[in-house]
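**Student:**
Residue numbers (the working numbering): 13 to 68.
(1) According to DSSP, is residue 14 part of a helix, a strand, or is it coil?
(2) Pull the bridge partners of residue 32 from the DSSP assignment, please.
(3) Within a Cβ cutoff of 6 Å, which residues of the same chain sit near residue 17, ignoring the five residues on either side of it in sequence?
(4) Anyone know if the C-beta pair for residue 33 and residue 44 falls short of 8 Å?
(5) Is residue 49 helix, strand or coil by DSSP?
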């Protein structure tokens, strides 16, 4: 996955980040903020784990 990310044709040449975000208000490119998505995935996984305990 990392090789694919590093060889992504839309990845800016001046960017040393693997998962990059768009430039912010200050014009600097920062890391991609995937906290919201990660928290949703954890919540869904927890829900799935809870549901699997309920089924016989």
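Note that the Cβ used here is the ideal one computed from N, Cα and C, for glycine as well.
Just so you know, these numbers come straight off a predicted model, no measurement behind them.
**Tutor:** Taking the definition as stated:
(1) DSSP places residue 14 in helix when its eight states are reduced to three.
(2) BP columns for residue 32 point to 43.
(3) Counting only Cβ-Cβ distances below 6 Å, and skipping sequence neighbours, we find 30.
(4) Yes, these two residues count as a Cβ contact at 8 Å.
(5) Here residue 49 sits in helix by DSSP.
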